[in-house]
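Undergrad: Provided herewith is a single structure, encoded as structure tokens, for subsequent inquiry.
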Amino acid sequence: MKHLRWLIGLVAVLALVAVACGGNDDDGADTSAPAAAPDEAPDEMDEMDDAPDEMDEMDDAPDEMDEMDEAPDEMDEMDEAPDEMDEMDDAADEMDEMDDAADEMDEPEATPEPDPCASVDLESTDIGIDSDTITVLVMADVGSPLAPGLFQGSIDGVKAWADHVNAEGGLACRQIEVIEHDSAIDPTQTTNGFLTACEQAFALVGTTALFALDTTDLQTCPDDDGNNIGVPDFAYITTEPPHQCSVVSFATSRPNSECPYAGSGERKVQSQVGHVQWVMDNIDADLSGVFLVPSDLPSTITSTMPAAISFESIGVEFYTKPGISGFTTQSEYGAFIQTLRDTNSNFAYTGSDDQSMIKWRSEAEAQGLDADSITWMCTLSCYTPSFLEAGDVAEGTYVWGWFLPFHETEYNDELADFVEAYGDPFPPAWAAGSWAGGVLFEQVANEVVAEAGPNGLTRQAVLDKARSLTSYDVNGWWGPADYSTTQNIIPCFMLMQVQDSAFVRVYPEAPGELACSSDYVVEETRDWAAEFGG
94 MKHLRWLIGL VAVLALVAVA CGGNDDDGAD TSAPAAAPDE APDEMDEMDD
144 APDEMDEMDD APDEMDEMDE APDEMDEMDE APDEMDEMDD AADEMDEMDD
194 AADEMDEPEA TPEPDPCASV DLESTDIGID SDTITVLVMA DVGSPLAPGL
244 FQGSIDGVKA WADHVNAEGG LACRQIEVIE HDSAIDPTQT TNGFLTACEQ
294 AFALVGTTAL FALDTTDLQT CPDDDGNNIG VPDFAYITTE PPHQCSVVSF
344 ATSRPNSECP YAGSGERKVQ SQVGHVQWVM DNIDADLSGV FLVPSDLPST
394 ITSTMPAAIS FESIGVEFYT KPGISGFTTQ SEYGAFIQTL RDTNSNFAYT
444 GSDDQSMIKW RSEAEAQGLD ADSITWMCTL SCYTPSFLEA GDVAEGTYVW
494 GWFLPFHETE YNDELADFVE AYGDPFPPAW AAGSWAGGVL FEQVANEVVA
544 EAGPNGLTRQ AVLDKARSLT SYDVNGWWGP ADYSTTQNII PCFMLMQVQD
594 SAFVRVYPEA PGELACSSDY VVEETRDWAA EFGG
């Protein structure tokens, strides 16, 4: 298994926020006493006059006392006023509720959405589809003795997707039935898989076969009316040019290469450079080092070299770009360690898989290289539990991908459905790719049904609709893909780093987000086989 895990590298393929006086004469006699009396008399009279007033005041006193007694009662009345106001407010609320109830009584009951399947006599509309089921075929390299169980996750991912869709009511008023085919890392078995799909299935979903060297049968398969239109192929990876340029294939990992292509000579290819640009912006602007190229197959060379050349185009210097194999031993990685040391390099990138990086870093540790002086980077192929199990030699390694990591289920419903249905919190990346192929088929089929009804689902209708998609993002889980061409790469990335034996998001920092920009895409036209120096 380990010596072909390099193949997985290919898979790699996102508050609030007041006085008065008077006199009297009698016989001319003067007396003082009588003279004083008249002055006092008026005062006494005044006092007598005042007496009734005082009596009145005394009479008024009880009234004032009564008023004082009444004051507390008035205070009580004032205290009770808010309660009376509350009662009035409550009454108004009750009136409003009665009015609302009357309105509800007047409103007609909501009409339920009509069941699009209830009034339709479902028919067999094409090969692999009848009144009850839609049959799809998933083909993956599994049974080869060179790498037993290699892409079993792709098969399991499609089956999990089908079970999920069926539990939600099915597709186009029918249940999905999945048949399996093992392509066994064998071109003959791969062709046999295409033939089986042509005869028995409505479409292929989740195809993960490395040796699709001839896609003639796939592209010319007759439909139920005898038209040689081919079988819709919602693949995960397309490694060989005939598969990448198949007019009926829609790979979720994207071929990002120009088609048609004869198989040799120059070819225009797009590459993602955002993750390396981030390193240059945040760690070291002057990156130099070694880029390892998986070189067992011509297709792995030509699919990996564009990345190396694109990194160089943004300023990275690679002193060497040697080829490696699944058979390359740890001790043989010593030569690459020596290059890093001799050139005082600070960047080490493998285009292969997790085992390649484990061997490289283990040998670096054995030779006493200061690992902290190097930025180690790997493709999505290192996003595996086995890489974390390597312990200290995996620490600090950067890994990039184009979809949200598996532990961020709370940020995307499609991701959450996938992890729950698959039944593993850390599934293989190719299981995610095959599930994405299933969702792509599901979306296309639903759009056909929305326009033409459940009996409008045919291979031709599905092919036409798939070719018109320009921004498919697996319901927000992945970066958007353009299926109107084979050339455009997904312009998004998400960078992680191994910290304390866990994959930790580095950029963008916000969970549930991908960094997307056309600035992260570099396009180069080269003879990629000739670019490889060995």
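In terms of the working numbering, the sequence shown is residues 94 to 627. Where is the CB? At the ideal position from N, CA and C, for every residue including glycine.
So if DSSP puts L297 in a beta bridge, which residue, or which two residues, is it bridged to?
TA: L230 and D326
Undergrad: Inspect the beta-carbon positions of L306 and I278 and report whether they are closer than 9 Å.
TA: no
Undergrad: Give me the Cα-Cα distance between T284 and T332, rounded to the nearest whole angstrom.
TA: 15 Å
Undergrad: Specify the secondary structure class of S527 as computed by DSSP and reduced to three states.
TA: helix
Undergrad: Based on the DSSP secondary-structure assignment, which residues constitute the bridge partners of E385?
TA: It is Leu, not Glu, that sits at residue 385 in the sequence shown. L385 is bridged to T443.
Undergrad: Below 8 Å on the Cβ atoms is my contact criterion, and I expect M398 with E616 to pass it. Report the Cβ-Cβ distance as a whole number of Å.
TA: That belief does not hold up - the Cβ atoms of M398 and E616 are roughly 14 Å apart, past 8 Å.
Undergrad: Hey, is the segment 343-360 in contact with the segment 474-486, meaning 3+ C-beta pairs nearer than 8 Å?
TA: no
Undergrad: Nearest CA to the CA of M450: which residue from S418, N437 and T436?
TA: S418
Undergrad: In whole angstroms, what separates the C-alpha of F411 from that of V555?
TA: 45 Å
Undergrad: When DSSP builds the beta bridges, which residues end up paired with S515?
TA: A small correction: the amino acid at residue 515 is Tyr; Ser does not occupy that position in the sequence shown. Paired residues: none, contrary to the question.
Undergrad: Determine the contact status of V372 and F287, defining contact as a CB-CB distance below 9 Å.
TA: With contacts defined as CB atoms closer than 9 Å, V372 and F287 fail to qualify as a contacting pair.
Undergrad: Could you check what DSSP says for C475 in three-state terms: helix, strand or coil?
TA: helix
Undergrad: Give me the Cα-Cα distance between T551 and D326, rounded to the nearest whole angstrom.
TA: 14 Å
Undergrad: For V386 versus G416, is the C-beta distance shorter than 9 Å?
TA: yes
Undergrad: State the CB to CB distance for the pair V324 and V251, rounded to an integer number of angstroms; the pair is presumed to be in contact (CB under 8 Å).
TA: That pair is no contact at about 15 Å.
Undergrad: Is the segment 576-591 close to the segment 505-514, with three or more CB pairs under 8 Å?
TA: The segment 576-591 is not in contact with the segment 505-514.
Undergrad: Take Q435 as the anchor and find which of V486, D446 and S381 has the nearest alpha-carbon.
TA: One point to set straight first is that residue 435 is Asp, not Gln, in the sequence displayed. For the residues V486, D446 and S381, the minimum Cα distance to D435 belongs to S381.
Undergrad: Which of helix, strand or coil does DSSP assign to D249?
TA: helix
Undergrad: Quick check: the Cα distance between E405 and E216, rounded to an integer number of angstroms?
TA: 56 Å
Undergrad: Could you compute how far the alpha carbon of V614 sits from the alpha carbon of Q365?
TA: 5 Å
Undergrad: Taking the alpha-carbon positions, what's the N320 to Q312 distance?
TA: 11 Å
Undergrad: Considering only their Cβ atoms, is the gap separating D317 from D214 smaller than 9 Å?
TA: no
Undergrad: Could you say which of S276, D593, Y576 and D465 lies nearest to P238 if we only look at CA atoms?
TA: S276
Undergrad: Helix, strand or coil for E535? Go by DSSP, reduced to three states.
TA: helix
Undergrad: Express the C-alpha separation of P518 and L230 in angstroms, rounding to a whole number.
TA: 25 Å
Undergrad: Return the CA-CA distance between E292 and Q363, expressed in angstroms with no decimal places.
TA: Between E292 and Q363, the C-alpha separation is close to 35 Å.
Undergrad: Buried or exposed, going by whether 16 or more other CB atoms sit within 10 Å of the CB of E456?
TA: buried
Undergrad: Under the rule that 16 or more other beta-carbon atoms within 10 Å means buried, what is A290, buried or exposed?
TA: buried
Undergrad: Contact between the segment 594-610 and the segment 540-548: three or more CB pairs below 8 Å?
TA: no
Undergrad: Out of V591, T226, Q282 and G262, state which residue places its alpha-carbon closest to the alpha-carbon of D208.
TA: G262
Undergrad: Determine the direct distance from the alpha carbon of D446 to that of I222, and round the result to whole angstroms.
TA: 39 Å
Undergrad: Alpha carbon to alpha carbon, how far is D256 from A574?
TA: Each residue's alpha carbon lies about 25 Å from the other.
Undergrad: Can you find the residues in the same chain that come closer than 6 Å, C-beta to C-beta, to T413, ignoring five residues on each side of it along the sequence?
TA: V383 and T432
Undergrad: Could you tell me which of Q553, C475, G461 and D463 sits nearest to Y442, measuring between CA atoms?
TA: Nearest C-alpha to Y442: C475.
Undergrad: Closest to A328 by CA distance: which of G569, T308 and P315 is it?
TA: T308
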